[in-house]
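The structure appears below as structure tokens.
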Amino acid sequence: MGPRPRGTRCGLASSESREATSLNNTALPLECADDVFFVEGPASNWIILRDGKEFTVIDSGYPGDGVDFVESIRQLGLEPRNMAALLVTHGHVDHTGSARMLSEEFNIPVLSGAAEQGQMIGRDKNQVSTQQVLLRAWQPRVFRWMRHIIAAGGSKGTCVPASGVFTNELLAGLPGLPQAIDTAGHTPGHTAFLLASGALASGDALVTGHPLSTVTGPQRLHPMFDHDRAMAGRALDQLQTCAATSILPGHGKALRMPIADAVQLARRSPAPTR
Ligand SMILES: [Zn+2]
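Residue numbers (our numbering): 3 to 276.
Pasting the structure below:
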């Protein structure tokens, strides 16, 4: 048997990176630590945690990213049917795009925090409205992003009827040994995951770029995306103490940086005013 497919060996971005967030990536898995793969999707990211033939995935892009999503798994020599679980940081559609397909076609457990279940099963909609974003669509970069997310199914919302809730015991048995960190605020049940490698899957609690942002590096999302902005600020306190050494965000590039420094920069980063 030959060597296992490894994806692209990491180059995590440094804190000085000034590259703009791209909408034209080819979803290549980037190995950030042994068997921890970060995939920068067309407009949101996902993470693959491999353990032999089994694996865990955190988040799954937009519905329209499904081909890229499955291809990124196969590039690592893995098959979707062997996925131990799909964990979602939160129920926004840019993180749950392939969740229903995985649940219904492959019987994969789709798991979120308990307070996120309303959003996951389609009962609640804690998501920015198209109108709120359209108000800003006169900016060219926002217009390009809007065009992409509409084509990728961004207006569909999330509905995964078989979605379930993770427990700490269940997480402890999954490839990658993810530990949940309650980071409610962006949504009522947002969860970040600290991985055994020291990487933090920060979801949308802390990102490193976004098409609506003019800066790169650790930052918070535009306030209109947050369910409870003050609570989302307190979520950063939770992250600050978790001893992560690299950040794998829901949007933007992976970054090697102690979490305390990243949180400090995110708090200082200028809040978008438009
Ligand atoms: Zn979100």
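Here a beta-carbon is modelled for each residue, glycine too, at the ideal position from N, C-alpha and C. Since this is a predicted model, take the numbers as computed values, not measurements.
Using the three-state DSSP reduction, which class does L25 fall into: helix, strand or coil?
Translated into positions along the sequence shown, residue 25 becomes position 23. Because the pLDDT of L25 is 37, which lies under 50, any placement of that residue in the model is unreliable, and the question is left without a value.
What is the residue span of the beta strand (DSSP E) that W48 lies within?
Counting from one through the sequence shown, the residue named residue 48 turns up at place 46. W48 -> beta strand (DSSP E) spans 47-53.
Just to check, is the beta-carbon of D67 closer than 7 angstroms to a non-hydrogen atom of ligand 1?
In the sequence shown, the residue the question calls residue 67 occupies position 65. No, the Cβ of D67 stays beyond 7 angstroms of every heavy atom of ligand 1.
Tell me, which residues are paired with V217 by DSSP?
Residue 217 sits at position 215 when you count from the first residue of the sequence shown. In the DSSP output, where bridge partners are listed per residue, V217 has none listed.
Coarse secondary structure for L32, derived from DSSP in three states:
Residue mapping note: residue 32 aligns to position 30 of the sequence shown, counting from 1. In the structure shown, L32 sits in a strand (DSSP, three-state: E or B).
Going by alpha carbons, who is nearest to A246 out of H94, L197, R143?
Within the sequence shown, the letter at position 244 stands for residue 246. Of the candidates H94, L197, R143, the one whose C-alpha sits nearest the C-alpha of A246 is L197.
Between S224 and I183, what straight-line distance do the alpha-carbon atoms span, to the nearest angstrom?
Looking up residue 224 in the sequence shown gives position 222. Looking up residue 183 in the sequence shown gives position 181. This sequence places His at residue 224; Ser is not what is there. Their backbone Cα atoms lie some 22 angstroms apart in a straight line.
Alpha carbon of R2 to alpha carbon of I110, nearest angstrom
The structure shown does not extend to residue 2, since the chain is modelled only from 3 through 276, so no value can be given for it.
Within its chain, find whatever has a CB closer than 6 angstroms to the CB of L113; leave out the 5 residues flanking it on each side and keep chain order.
One-based indexing of the sequence shown puts residue 113 at position 111. Closer than 6 angstroms at Cβ, skipping near neighbours: A87, L89, G166, F168.
Inter-residue spacing [alpha-carbon to alpha-carbon] between I75 and A232:
Here residue 75 is taken as the residue at index 73 of the sequence shown, counted from 1. Here residue 232 is taken as the residue at index 230 of the sequence shown, counted from 1. One C-alpha to the other measures close to 36 angstroms.
Heavy atom of ligand 1 less than 7 angstroms from the Cβ of D184, yes or no?
The residue you call residue 184 lines up with position 182 of the sequence shown. Checking every heavy atom of ligand 1 against the Cβ of D184, none is found closer than 7 angstroms.
So within the stretch 62-122, which uninterrupted beta strand (DSSP E) runs reach at least 3 residues, ignoring any that extend past its ends?
85-89, 112-114
Close beta carbons around A256, own chain, < 6 angstroms, minus the five adjacent residues each side
The residue labelled residue 256 in the question sits at position 254 within the sequence shown. Here the set comprises L14, C34, F40, L250.
Rounded to the nearest angstrom, what separates I151 and S105 at their Cα positions?
The residue you call residue 151 lines up with position 149 of the sequence shown. The residue you call residue 105 lines up with position 103 of the sequence shown. I151 and S105: Cα-Cα distance of roughly 23 angstroms.
Indicate whether H192 and A186 have their beta-carbon atoms separated by less than 8 angstroms.
Looking up residue 192 in the sequence shown gives position 190. Looking up residue 186 in the sequence shown gives position 184. Yes.
Starting from the N-terminal end, write out each residue whose C-beta falls within a distance shorter than 5 angstroms of any non-hydrogen atom of ligand 1.
H94, D206
In terms of residues, what are the limits of the alpha helix (DSSP H) holding T247?
Against the sequence shown, residue 247 aligns to sequence position 245. Taken as a continuous stretch (DSSP letters only), T247 belongs to no alpha helix (DSSP H), as it is neither H nor E.
My parser needs the beta strand (DSSP E) runs of 3 or more residues fully inside the stretch 166-195; what are they?
181-184
When the Cα of C161 is compared with those of S46, I49, E73, Y64, which residue comes out closest?
Position 159 of the sequence shown, counted from the first residue, corresponds to residue 161. Checked all of S46, I49, E73, Y64; the closest Cα to C161 is Y64.
I'd like the span of the alpha helix (DSSP H) that includes V38, first residue to last.
In the sequence shown, counting from the first residue as 1, residue 38 sits at position 36. V38 -> not in any alpha helix (DSSP H); beta strand (DSSP E) instead, spanning 38-42.
Run through the DSSP bridge pairs and tell me what T58 is partnered with.
Along the sequence shown, one-based indexing puts residue 58 at 56. Note: T58 sits in a beta bridge opposite L51, A87.
Residues of its chain near L136, where Cβ-Cβ distance is below 8 angstroms and the 5 sequence neighbours each way are ignored:
Within the sequence shown, the letter at position 134 stands for residue 136. Taken in chain order, the residues that qualify are M148.
Rounded to whole angstroms, what is the Cα-Cα separation between N26 and H229?
One-based indexing of the sequence shown puts residue 26 at position 24. One-based indexing of the sequence shown puts residue 229 at position 227. Note that N26 scores 40 on pLDDT, short of 50, meaning its location in the model is unreliable and no value can be drawn from it.
When the Cα atoms are used, what is the spatial distance from A237 to L208?
Residue 237 sits at position 235 when you count from the first residue of the sequence shown. Residue 208 sits at position 206 when you count from the first residue of the sequence shown. Using only the alpha carbons, I get a separation of about 9 angstroms.
In this structure, how does DSSP classify A154 when only helix, strand and coil are distinguished?
Taking the first residue of the sequence shown as 1, we reach residue 154 at position 152. Coil, per DSSP.
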